[in-house]
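Q: Take a look at the following structure, please.
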Amino acid sequence: MNVLRKILFPFAILYGFITTIRNFLFDKGILKSTSFDIPVIAVGNLSVGGTGKTPQIEYLIRLLSDKYKIATLSRGYKRKSEGFVLADSTSNAEILGDEPFQFYQKFPNIQVAVDANRTNGIIQLLSQTTKPEIILLDDAYQHRKVKAGFYILLTAFDDLYSDDFMLPTGNLRESRSGAKRANIVVVTKCPKNLSDEKQQGIRLKLKLKYGQQIFFTFIDYEDTVYGSQDERVEVKDVKSEAKLLLAGIAKPKPFFDFLKNEKDECLTFPDHHHFSENDLNEIQRKAQNKKIITTEKDYVRLKDAGVISKLYYLPIKSTFINYQQNFDTTVLEYVKRQFV
Numbered sequence: 001m002n003v004l005r006k007i008l009f010p011f012a013i014l015y016g017f018i019t020t021i022r023n024f025l026f027d028k029g030i031l032k033s034t035s036f037d038i039p040v041i042a043v044g045n046l047s048v049g050g051t052g053k054t055p056q057i058e059y060l061i062r063l064l065s066d067k068y069k070i071a072t073l074s075r076g077y078k079r080k081s082e083g084f085v086l087a088d089s090t091s092n093a094e095i096l097g098d099e100p101f102q103f104y105q106k107f108p109n110i111q112v113a114v115d116a117n118r119t120n121g122i123i124q125l126l127s128q129t130t131k132p133e134i135i136l137l138d139d140a141y142q143h144r145k146v147k148a149g150f151y152i153l154l155t156a157f158d159d160l161y162s163d164d165f166m167l168p169t170g171n172l173r174e175s176r177s178g179a180k181r182a183n184i185v186v187v188t189k190c191p192k193n194l195s196d197e198k199q200q201g202i203r204l205k206l207k208l209k210y211g212q213q214i215f216f217t218f219i220d221y222e223d224t225v226y227g228s229q230d231e232r233v234e235v236k237d238v239k240s241e242a243k244l245l246l247a248g249i250a251k252p253k254p255f256f257d258f259l260k261n262e263k264d265e266c267l268t269f270p271d272h273h274h275f276s277e278n279d280l281n282e283i284q285r286k287a288q289n290k291k292i293i294t295t296e297k298d299y300v301r302l303k304d305a306g307v308i309s310k311l312y313y314l315p316i317k318s319t320f321i322n323y324q325q326n327f328d329t330t331v332l333e334y335v336k337r338q339f340v
């Protein structure tokens, strides 16, 4: 914790008090929450960014989309549009935001929408000619005006909410007690070989309430990087050559560590960064005609920002260390109960 954050400790206490009162008012029904007649699954975190929401949403899409009509609803962070937008062939990352546009490109059989007002967004989705049967709310754990039927709370292995503190001293958006709303807690970005003993230690540390389930996942990288016109290069070949690694995500270190060698240069931008012409020129200058490898989220912004040669992205996915079938069964049983 740096000095400035320590100085701001009184504001963290005040912010924690305000969010606690807000949650109390929603819990008691004094502030209104709207519920809906279809399954609504909210995925989010207590902290600010970096827990792996996007691969978790994509996991749920893969789990559910073969059986049900799925829609994702996101805020569309840093998009240049306003209000409710339903993705179509004219959409891009500036209109939808990078993560929703990534969903739209990867999963053409689902509906992708953005709206800062999640209640209105769900109402608009249900007014479409083709109505979704399930709505996945992206980063909506604190959006209490919607009462989701099922909550999945993410916390990163190296930044557990139990070790954190309220903003601005820490990174928590609300107090640790907010975890009690979760049906499932997923500890993300774990080491692949996390032992049963260490998993049990984290269970005890998070102090889950009776009935809450906990699962452990790691970020799994694909064996191939992808470019335009379906160009593909094996990761083992990319790792050995000199290249520029580029990331505009909350926590880029694991991405860099997975790909880099001593000949590489790493270029970092803020999360959800909109690339300017100066940025593009800097990227090309530093690349010096070498391959540029970026994250999938950055790729959807960069490919529309301007012409960048030799640009590739490395897809990731969330993989369960164990008990994946239990997670799948819990989610599917919740969905099935809503159709009875």
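Under full-length UniProt numbering, think of the first position of the sequence shown as 1, with each following residue one higher. Here a beta-carbon is modelled for each residue, glycine too, at the ideal position from N, C-alpha and C. Computed from a predicted model, the values in this text were never measured in an experiment.
For residue 171 versus residue 47, is the C-beta spacing smaller than 9 Å?
A: The answer is yes: Cβ separation under 9 Å.
Q: Assuming residue 216 is part of the beta strand (DSSP E), what are its boundary residues?
A: Counting along the chain, the beta strand (DSSP E) containing residue 216 begins and ends at 213-221.
Q: Can you look up residue 288 in the DSSP assignment and give me helix, strand or coil?
A: In the structure shown, residue 288 sits in coil (DSSP, three-state: anything other than H, G, I, E or B).
Q: Using the three-state DSSP reduction, which class does residue 181 fall into: helix, strand or coil?
A: Residue 181 falls in the helix class under three-state DSSP.
Q: Compare the Cα-Cα distances from residue 209 to each of 179, 220, 215 and report the closest residue.
A: It is 179.
Q: Which one of 50, 89, 146 has the shortest CA to CA distance from residue 41?
A: Nearest option by C-alpha distance: 146.
Q: Buried or exposed: where does residue 229 fall if 16 or more other Cβ atoms within 10 Å of its Cβ makes it buried?
A: That one is exposed.
Q: Between the segment 262-281 and the segment 65-76, are three or more C-beta pairs nearer than 8 Å?
A: Because the criterion of three Cβ pairs below 8 Å is not met, the segment 262-281 and the segment 65-76 do not touch.
Q: For a quick check, are the C-beta atoms of residue 53 and residue 154 less than 9 Å apart?
A: Yes, these two residues count as a Cβ contact at 9 Å.
Q: Any chance you could list the beta strand (DSSP E) runs of at least 3 consecutive residues sitting entirely within the segment 102-167, in chain order?
A: You should have 111-114, 134-138, 150-156.
Q: Taking its Cβ as the centre, do 16 or more other Cβ atoms sit within 10 Å of residue 285, making it buried, or is it exposed?
A: With fewer than 16 Cβ atoms within 10 Å of its Cβ, residue 285 is classed as exposed.
Q: Have a look at residue 113 and residue 337 and give me their C-alpha separation to the nearest angstrom.
A: One C-alpha to the other measures close to 25 Å.
Q: Taking only runs of the beta strand (DSSP E) that begin and end inside the segment 273-337, which ones reach a length of at least 3 residues, in chain order?
A: Here the runs fully enclosed are 291-295, 311-314, 316-320.
Q: Where does residue 265 fall in DSSP's three states?
A: Residue 265: strand per DSSP, three-state reduction.
Q: Can you tell me which of 122, 263, 61 puts its alpha carbon nearest to the alpha carbon of residue 369?
A: For the chain, the structure presents residues 1 to 340; residue 369 sits outside this window and is missing.
Q: Among 110, 297, 120, 206, which has the Cα closest to the Cα of residue 246?
A: Of 110, 297, 120, 206, the residue nearest in Cα terms is 297.
Q: According to DSSP, is residue 234 part of a helix, a strand, or is it coil?
A: Residue state, collapsed to three classes: strand.
Q: Taking C-alpha atoms, which residue in 274, 263, 295 lies nearest to residue 287?
A: Taking only the C-alpha atoms, the option nearest residue 287 is 263.
Q: Do residue 187 and residue 214 have their beta-carbon atoms positioned less than 9 Å apart in this structure?
A: Closer than 9 Å, so yes.
Q: Would you say residue 225 touches the ligand ZN, meaning its beta carbon is less than 8 Å from a heavy atom?
A: Ligands are entirely absent from the displayed structure, and the ligand ZN is therefore not among its contents.
Q: Could you check which residue in 305, 252, 17 has the C-alpha nearest to that of residue 276?
A: Nearest of 305, 252, 17 to residue 276, Cα basis: 305.
Q: Over the uninterrupted alpha helix (DSSP H) stretch that includes residue 30, give me the two end residues.
A: Segment: none, residue 30 is in no alpha helix (DSSP H) and carries neither H nor E.
Q: What would DSSP say about residue 3, mapped onto helix, strand or coil?
A: Correct three-state label for residue 3: helix.
Q: Kindly confirm or deny that the segment 4-20 and the segment 121-128 touch, where touching means at least three C-beta pairs closer than 8 Å.
A: Judged by Cβ distances under 8 Å, the segment 4-20 makes no contact with the segment 121-128, as fewer than three pairs qualify.
Q: Going by beta-carbon coordinates alone, are residue 142 and residue 174 separated by less than 9 Å?
A: Taking 9 Å as the Cβ cut-off, residue 142 and residue 174 qualify as a contacting pair.
Q: Going by C-alpha distance, which of 92, 82, 315 is nearest residue 227?
A: Of 92, 82, 315, the residue nearest in Cα terms is 315.
Q: Let me confirm a value: residue 45 is counted as buried when at least 16 other C-beta atoms fall within 10 Å, else exposed. Which label applies?
A: With 16 or more Cβ atoms within 10 Å of its Cβ, residue 45 is classed as buried.
Q: Have a look at residue 194 and residue 59 and give me their C-alpha separation to the nearest angstrom.
A: Approximately 21 Å between the Cα atoms of the pair.
Q: From residue 348 to residue 95, what distance separates their C-alpha atoms?
A: Nothing can be reported for residue 348, as the shown portion of the chain is limited to 1 through 340.
Q: Could you pull the DSSP bridge partners for residue 41 from this structure?
A: Answer by DSSP bridge pairing, in chain order: 136, 150.
Q: Give every residue of the same chain whose Cβ lies closer than 6 Å to the Cβ of residue 139, excluding the five residues on either side of it in the sequence, and list them in chain order.
A: 44, 53, listed in sequence order.
Q: Can you check which of these residues, 32, 162, 190, 111, is closest to residue 320 by C-alpha distance?
A: For residue 320, the nearest C-alpha among the options comes from 190.
Q: Note the first and the last residue of the continuous alpha helix (DSSP H) segment covering residue 253.
A: 253-259 is the extent of the alpha helix (DSSP H) around residue 253.
Q: Could you have a look at residue 243 and say whether DSSP puts it in helix, strand or coil?
A: Strand, per DSSP.
Q: So the beta strand (DSSP E) residue 202 belongs to, where does it begin and stop?
A: From DSSP, residue 202 is part of no beta strand (DSSP E) but of the alpha helix (DSSP H) over 196-206.
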